[in-house]
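Participant: Residue numbering for the sequence shown follows full-length UniProt numbering, beginning at 1 and increasing consecutively. Cβ coordinates follow ideal geometry from the N, Cα and C atoms, glycine included.
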Amino acid sequence: MSRVRTLIFLALCAPMLALAADQPPQLEPLPEPPAAPEGYEPDAASEPQVTITKRGEDSIEEYRVNGQLYMQKVTPPHGVPYYLIKKTVDGGWARMDGPSAPLAVPNWVIFRF
């Protein structure tokens, strides 16, 4: 019994020793990021606009860019939140159960000015 306890203790301590060994001896601080050019102001239209609404007991967050709805986060009162992401321009929606999709293929809109 004593031997089993010793083995369990060593098995629990081994990851801590490996973690401590991964630290490099002398770390240098990162340089400061460069300042934005003078006169630069971020475009407010390119930032996503979030609208939070209540439908029944569900809370729905709608994310829009340039006035176009592209994602919804539905939070039910009991359960896990899920995301509805617009896949096509015609309104095809896909459900994602987490904030990160398994594979996100870039979709660019061409010739829209």
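Does residue 40 pass the burial test, meaning 16 or more other C-beta atoms within 10 Å, or should it be called exposed?
Facilitator: Residue 40 is exposed by the Cβ-count criterion.
Participant: At what residues does the beta strand (DSSP E) containing residue 58 begin and finish?
Facilitator: 58-65
Participant: For residue 89 and residue 36, what's the separation of their Cα atoms in angstroms?
Facilitator: Our two residues, residue 89 and residue 36, have alpha carbons roughly 34 Å apart in a direct line.
Participant: If we ignore side chains and look at the alpha-carbon of each, how far apart do residue 73 and residue 83 end up?
Facilitator: 4 Å
Participant: May I ask which residues mark the beginning and end of the beta strand (DSSP E) holding residue 88?
Facilitator: Segment: none, residue 88 is in no beta strand (DSSP E) and carries neither H nor E.
Participant: If residue 77 sits next to residue 62, beta carbons under 8 Å apart, how far is it from one beta carbon to the other, in whole angstroms?
Facilitator: Not a contact, Cβ separation roughly 18 Å.
Participant: Residue 30 lies in the beta strand (DSSP E); which residues open and close that run?
Facilitator: No beta strand (DSSP E) contains residue 30, which DSSP labels as neither H nor E.
Participant: How is residue 112 classed by DSSP in three states: helix, strand or coil?
Facilitator: Note: residue 112 maps to coil in three-state DSSP.
Participant: Per DSSP, what kind of secondary structure is residue 50 in: helix, strand or coil?
Facilitator: The answer is strand: DSSP assigns residue 50 an E or B state.
Participant: Tell me which residue opens and which closes the beta strand (DSSP E) that residue 94 is part of.
Facilitator: 93-96 is the extent of the beta strand (DSSP E) around residue 94.
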